[in-house]
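Keeping their order, the protein sequence lines are chains F and S.
Taking our numbering, the leading residue of the first sequence gets 1, the next gets one more, and so forth.
Taking our numbering, the leading residue of the second sequence gets 280, the next gets one more, and so forth.
C-beta atoms are modelled at their ideal positions from N, C-alpha and C, and glycine is treated no differently.
Working notes for the structure below.
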Amino acid sequence: MQERTHIVRSKNGLSPLVWLSLALLVTWLVLPLVPLAVWSVSRSWFFPDIAPSAYSLRAWEYVLSPTSEVLPALGTTLIIALGVTILSILIGLPAGRALGLYRFRGKALIELLILAPTIVPGIAVALGLHVVFLKAGLAGTMSGVLIVHLIPTLPYMVLVMAGVFANYNPDAEAQARSLGANRLQAFRYVTLPAILPGLLIGSLFAFLVSWSQYILTLLIGGGRVVTLPLLLFNFASAGRNDITGAIGMIYILPGMILLVFAARYMSGRNQAYTATGQI
Amino acid sequence: MTEVALRNLCKTYPGADKAVVDDISLHIKSGSLTALLGPSGSGKSTILKMIAGLLFPTSGDILVGGHSVLSLPPEKRDIVLIFQDNLLFPYLSVAENIGFGLRMRRRPKAEIADAVHAIMNLMQIRGLEKRKPFELSGGQQQRVALARALVLRPRLLLLDEPFSNLDASLRLEMQSLLKELHRETGTTMLFVTHDQSEAVRLADRIALIFHGQLRQYDAPDAFYNRPHDRSVAEFFGGRNFIDGTLKEDHFECALGHLKMPADTPSHGSILTFRPENIIIGETSSATNRITAILEGRQFLGERTILHLRCGPAMFEAYSSPLAAASYVIGQPLSVCLPPDSLWLLP
Chain F
1 MQERTHIVRS KNGLSPLVWL SLALLVTWLV LPLVPLAVWS VSRSWFFPDI APSAYSLRAW
61 EYVLSPTSEV LPALGTTLII ALGVTILSIL IGLPAGRALG LYRFRGKALI ELLILAPTIV
121 PGIAVALGLH VVFLKAGLAG TMSGVLIVHL IPTLPYMVLV MAGVFANYNP DAEAQARSLG
181 ANRLQAFRYV TLPAILPGLL IGSLFAFLVS WSQYILTLLI GGGRVVTLPL LLFNFASAGR
241 NDITGAIGMI YILPGMILLV FAARYMSGRN QAYTATGQI
Chain S
280 MTEVALRNLC KTYPGADKAV VDDISLHIKS GSLTALLGPS GSGKSTILKM IAGLLFPTSG
340 DILVGGHSVL SLPPEKRDIV LIFQDNLLFP YLSVAENIGF GLRMRRRPKA EIADAVHAIM
400 NLMQIRGLEK RKPFELSGGQ QQRVALARAL VLRPRLLLLD EPFSNLDASL RLEMQSLLKE
460 LHRETGTTML FVTHDQSEAV RLADRIALIF HGQLRQYDAP DAFYNRPHDR SVAEFFGGRN
520 FIDGTLKEDH FECALGHLKM PADTPSHGSI LTFRPENIII GETSSATNRI TAILEGRQFL
580 GERTILHLRC GPAMFEAYSS PLAAASYVIG QPLSVCLPPD SLWLLP
């Protein structure tokens, strides 16, 4: 046994396979970001130079200064993405449960309707919705943007949860109730651990889809709700590559954090994941 | 006292046109071990779930200890239902599974640990505390499921097809364990099964249910010797049914003029008797002695079925394989039908 571990593990304790995957991960994810990072600290960088001819922190100074809208936009984007995630859970969990556990008339139609936003172009929907939102007084408000973000996020949440509940035995809750758990305890101690991996994946999707939303925010927010993608697009189209780079660095941060978190979670080290088995 | 009374209990699922449970009234004595027996789909599990509070009856009432429990949620009924497939919580250890109910009741940690330790001793599953359910054998899982329920000292324990997923030898072991636990704890227990031999082996009383209706509620031997009707007798393996007419204490049929037991029902036109109660060969008793022709035999290992004919009537009798081998097909045999073994069906 010891002999074998010796062969597989190199001197610093990581197997060659792990090294290879790490290298791939770095190439795939980090390398494309390098120009972005370099841009954010460059003063002048012209084709065909391989590196900038002068460096400066002015892009970062601008981005972090109170006069720029970047930090408030970061807050807005975060609040909207978190709000969208919470709403997606509140709607997607019961909907996914119904779709995963029960057969009922019109189930196929409902599944199609839920999937529709992923097929129909978002801009078409948003243009139609804009009129409705104007009448409802939701256009140009944060709540309006939050609601419209649900269109692309809900399909993911509902479908992930439907998949989770298709492999779930609701009798486990009944068993918990019979053993003395009230409704809340049965959810907390029986349902939640079983669906948690799926719930986290669905939330991850919801958060990231909302986080990267441009068109829907622009149309419904009408420029009054400013999120990071909007700023990013403004500076990119204005040719300010240094500021674009700096905002871009901030912009990818939550994605990176969530990815590391998800990777750790999916690696099976987490107790809840190993326990649920088939999910 | 945890006597249980079902009063005109009915359940119809929404959208269904037939009742799953159809007007069942039943009185279960405190401390008894009762079987709800019936073919699958007869509504037995639905009854258990209604008693446990997991389903609400369409009409009727459920009284436990003299009080209706219908207004109580499942966790307040002090009744535990053990589901068919154990349903141990996969992410909890054995000790945590067993302590689950006490934890939900917010008992102090030390008390939970003591109770779990004691019940694990009783169930002979010590040393498994830290294991996860998927690391256990089928028998161990079953013991954990029983321990998880019994540690709560419920006033009523409900078991839904408790041993149906076990292989034959393990099933026998778990059946005797349940019987032993029932004796030691004195808990009132009600279990559902579709296996009549399991019901007979375990239960003090059996409630036989067909299509959501109670057909007979009796001690196990009554289902063999005093069945209510032909379907009950057939469910318990009855094979001998002979038409005829009752004349005072005698029954006129193809087998002859048979003396009936004193408690014979006055209305009945079908004679039934168990193949194992027929006496083949010479005996001192001359009552109900007939002659039958041996038409065939079927070796079953521990016994042999003899197919006998008497006039137009065919019936079956059990014989020891050794004696059966000495009979010749077509041979007339002297057969005695003791009056106490005979019964009349409507």
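Within the same chain, CYS289, GLY322, HIS490, GLY491, GLN492 come within 8 Å of ASP301/S by CB-CB distance, once the 5 residues on both sides are set aside. By a beta-carbon distance limit of 8 Å, TRP622/S contacts THR551/S. Their separation comes to about 5 Å. Under the three-state reduction of DSSP output, GLY339/S falls in the strand class. If you look at HIS536/S, you'll find it in the beta strand (DSSP E) that goes 535-538.
The alpha helix (DSSP H) runs of length 4 or more contained entirely in the region 489-547 of chain S are, from start to end of the chain, 501-504, 509-514. Interface annotation, MET399/S: not in contact with chain F, CB-CB separation never under 8 Å. Partner residues in the beta bridge of ALA592/S, as assigned by DSSP, are CYS589/S. Contact note: VAL359/S reaches chain F through SER178, LEU179, using a C-beta cutoff of 7 Å and chain order. C-alpha of PHE104/F to C-alpha of LEU87/F: approximately 25 Å in a straight line. Think of a sphere of 9 Å around the beta carbon of PRO170/F: no beta carbon from chain S falls inside it, the nearest being about 11 Å out. The alpha carbon of VAL299/S has as its nearest neighbour, out of GLY535/S, GLY320/S, GLY332/S, GLU531/S, the alpha carbon of GLY320/S. Within 8 Å of the CB of VAL190/F, the CB atoms of chain S belong to PHE368, in sequence order along the chain. One Cα belongs to ASP364/S, the other to ASP474/S, and the distance between them is close to 17 Å. Closer than 8 Å to the CB of ARG384/S there is at least one CB belonging to chain F. GLN577/S is bridged by DSSP to ILE584/S. Rounded to the nearest whole angstrom, the C-alpha separation of LEU573/S and ARG356/S is 59 Å. Inclusion of PRO617/S and ASN567/S in the CB contact set at 8 Å is warranted, their separation being smaller than that value. Annotation for LEU436/S: the continuous beta strand (DSSP E) segment containing it runs 435-439. DSSP places ILE201/F in the uninterrupted alpha helix (DSSP H) bounded by 192-211.
Residue-level contact check: PRO155/F does not touch chain S, since none of the beta carbons of chain S fall below 8 Å from its beta carbon.
Counting other Cβ atoms within 10 Å of its Cβ, VAL131/F stays below 16 and is therefore classed as exposed. Using a Cβ-Cβ cut-off of 8 Å, ALA571/S does not count as an interface residue toward chain F, since no Cβ of chain F sits closer than that to its own. Within the region 34-101 of chain F, the complete alpha helix (DSSP H) segments at least 4 residues long are 34-40, 58-64, 70-101, listed from N- to C-terminus. ASN169/F and ILE243/F have their C-alpha atoms spaced approximately 52 Å apart.
Straight-line measurement puts the Cα of PRO554/S at about 7 Å from the Cα of ASN519/S. Here DSSP, grouped into helix, strand and coil, assigns VAL359/S to strand. For GLU452/S, same chain residues with a beta-carbon under 8 Å away, outside a window of 5 residues either side, are GLY418 in chain order.
Contact annotation: in the region 313-345 of chain S, residues whose CB is within less than 7 Å of a CB in chain F are ALA331, LEU333.
For SER455/S, no beta strand (DSSP E) encloses it; the enclosing alpha helix (DSSP H) starts and ends at 447-464.
Contact annotation: PRO353/S and PHE413/S have beta-carbon atoms that are not nearer than 8 Å. Across the region 412-432 of chain S, CB contacts with chain F closer than 8 Å involve PHE413, ARG427, ALA428, LEU431, in sequence order along the chain. Take MET539/S, set aside five residues on each side of it, and the residues of its chain with a beta-carbon closer than 8 Å to its own are LEU525, ASP528, HIS529, PHE530, PRO618, LEU621, LEU623, in chain order. Using a Cβ-Cβ cut-off of 7 Å, PHE489/S is close to nothing in chain F; its nearest Cβ partner there is about 25 Å away.
With a beta-carbon spacing of about 15 Å, ILE114/F and VAL164/F fall beyond the 8 Å limit used to define contacts. Under the DSSP definition of a beta bridge, SER613/S partners with THR570/S. Nearest to VAL430/S by C-alpha distance, out of GLY180/F, ALA172/F, VAL148/F, THR153/F, is GLY180/F.
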